[in-house]
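Presented below is the structure to which this report refers.
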Amino acid sequence: MSLLVVGSIAFDTVETPFGHAERVLGGSASYFSFAASFFTPVRVVGVVGTDFPQEWLALFRARQIDLQGLETREGKTFFWAGRYLGSMDACQTTAVELNVFSDYSPELPASYRDSRYIFLANGSPRMQKRVLEQLSSPRLVVCDTMNHWICDERDGLLDVLGQADGIVINEDEAVMLTGRSDAARAARDVLKLGPDFCIIKRGSQGSFLAAGDATFSLPACSEVKVVDPTGAGDSFAGGLMGYLANAGQVDFETLKAAMAVGTATASFAIEEFSLEGLKRAAYSAIEGRCQLLRKQAHL
Ligand code: AMP
Numbered sequence: 428m429s430l431l432v433v434g435s436i437a438f439d440t441v442e443t444p445f446g447h448a449e450r451v452l453g454g455s456a457s458y459f460s461f462a463a464s465f466f467t468p469v470r471v472v473g474v475v476g477t478d479f480p481q482e483w484l485a486l487f488r489a490r491q492i493d494l495q496g497l498e499t500r501e502g503k504t505f506f507w508a509g510r511y512l513g514s515m516d517a518c519q520t521t522a523v524e525l526n527v528f529s530d531y532s533p534e535l536p537a538s539y540r541d542s543r544y545i546f547l548a549n550g551s552p553r554m555q556k557r558v559l560e561q562l563s564s565p566r567l568v569v570c571d572t573m574n575h576w577i578c579d580e581r582d583g584l585l586d587v588l589g590q591a592d593g594i595v596i597n598e599d600e601a602v603m604l605t606g607r608s609d610a611a612r613a614a615r616d617v618l619k620l621g622p623d624f625c626i627i628k629r630g631s632q633g634s635f636l637a638a639g640d641a642t643f644s645l646p647a648c649s650e651v652k653v654v655d656p657t658g659a660g661d662s663f664a665g666g667l668m669g670y671l672a673n674a675g676q677v678d679f680e681t682l683k684a685a686m687a688v689g690t691a692t693a694s695f696a697i698e699e700f701s702l703e704g705l706k707r708a709a710y711s712a713i714e715g716r717c718q719l720l721r722k723q724a725h726l
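This note's numbering puts the sequence shown at residues 428 to 726.
Shown next as structure tokens:
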């Protein structure tokens, strides 16, 4: 089934206790589409500047990622810089230059309008809404967001949430959105805002799913050497949505299995800087970690 993502495509500069990467390929839509491409074909909606390297576009195409919805605009590509210290559970953003992403209003190619599975990755609620307006018959709409939009564009975000079937959100951000101090309560309050399910990403603590009155907790993959946590959330969402689009169903049991796939996929993203971990990962290796997780979680 057709899976569409809208989000950022970026130059990232990242510092962790294990090293430094300067102006490498990043962005929410990049991590998401690489991760999802293990499971299903992906359509990307996004924007880059004229400084974006052509050879990076070739990396997407080599994974059968459809770039018809990628616009190249006069100007510079979105730039983000961040630093992770100590246990790397928290990220300090040191620079953001929105550049061509700042007033981006996506125009979907005609061939994308029938997309059924939609992921609204991190970006402005206005951009997310603009995509929703152009879809003819979405089957599953899932969104992500971040602290900036929760604080500065809350109304727009609530509007998107009212139209979404699911949300995948960091624990800190779920707490910020609801004012609740723990994941279970925050998830319950997020459900009152519209989505049928809420998945809270808890970093090294794994992830938590709430839908109706049912809940489920999944640990993170153990024995993974984290080198750079950037993109963990987007890669988790990519694995999750790729699995759901391929399965063609979204009941609670399928969501639990999809969380295991998302977790296993993200575990490869964080073993190296930028997209290197995902580029090198083999489908069979993802499947291997997924099986371990399924055993641990009795799935
Ligand atoms: P994650 O670690 O999964 O939360 O996402 C990391 C990616 O998000 C990085 O590659 C950044 O380029 C991208 N990013 C950071 N800030 C923003 C923002 N304000 N809007 C969209 N993407 C962002």
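All residues carry an ideal CB built from backbone N, CA and C; glycine is no exception.
Cβ separation of residue i and residue j, assumed to be a contact under 8 Å, to the nearest whole Å
i: Glu699; j: Val651; result: Going by Cβ atoms, the distance from Glu699 to Val651 rounds to 11 Å, so no, they are not a contact pair.
i: Arg500; j: Gly476; result: 6 Å
i: Ala674; j: Thr681; result: 5 Å
i: Gly434; j: Gly658; result: About 11 Å; that fails the 8 Å criterion.
i: Glu600; j: Ile577; result: 6 Å
i: Gly496; j: Pro444; result: Going by Cβ atoms, the distance from Gly496 to Pro444 rounds to 37 Å, so no, they are not a contact pair.
i: Gln561; j: Val587; result: Not a contact, Cβ separation roughly 14 Å.
i: Ala613; j: Trp507; result: Ala613 to Trp507, Cβ: 25 Å. No contact.
For residue i, three-class secondary structure by DSSP
i: Tyr544; result: strand
i: Arg490; result: coil
i: Glu598; result: helix
i: Ile713; result: helix
i: Gly738; result: For the chain, the structure presents residues 428 to 726; residue 738 sits outside this window and is missing.
i: Arg557; result: helix
i: Ala517; result: coil
i: Tyr539; result: helix
i: Leu430; result: strand
i: Arg607; result: coil
i: Ser460; result: helix
Bounding residues of the beta strand (DSSP E) (the contiguous stretch that carries residue i)
i: Phe679; result: Per DSSP, Phe679 belongs to no beta strand (DSSP E); it is in the alpha helix (DSSP H), Phe679 to Ala696.
i: Leu636; result: Ser634 to Ala638
i: Arg470; result: Val469 to Gly476
Sequence-distant residues of the same chain with beta carbon closer than 7 Å to residue i, five excluded per side
i: Ser694; result: Cys648, Val651 and Arg716
i: Asp478; result: Lys503 and Thr504
i: Ser631; result: Asp516 and Ala647
Beta-carbon contacts of residue i that lie in its chain and below 6 Å, excluding the five residues immediately before and after
i: Ile545; result: Leu431, Pro565 and Val568
i: Gln491; result: Pro468
i: Ala741; result: What is shown of the chain runs 428 to 726, which leaves residue 741 out entirely.
i: Asp541; result: Ser563
Segment limits, alpha helix (DSSP H) that includes residue i
i: Glu703; result: Glu703 to Arg707
i: Ala659; result: Ala659 to Ala674
Own chain, CB closer than 8 Å to residue i, minus 5 neighbours either side, in chain order
i: Ala638; result: Leu618, Asp623, Phe624, Cys625, Phe679 and Leu682
i: Thr605; result: Arg612, Ala613, Asp616 and Val617
Do three or more CB pairs link the region 664-671 to the region 520-537 at distances below 8 Å? no
Counting pairs of beta carbons, one from the region 590-598 and one from the region 512-525, are three or more of them closer than 8 Å? no
Are there three or more Cβ pairs, one per stretch, closer than 8 Å when the region 566-579 is compared with the region 534-552? yes
Using 8 Å as the threshold, is the region 483-500 in touch with the region 447-463, meaning 3 or more CB pairs across them? yes
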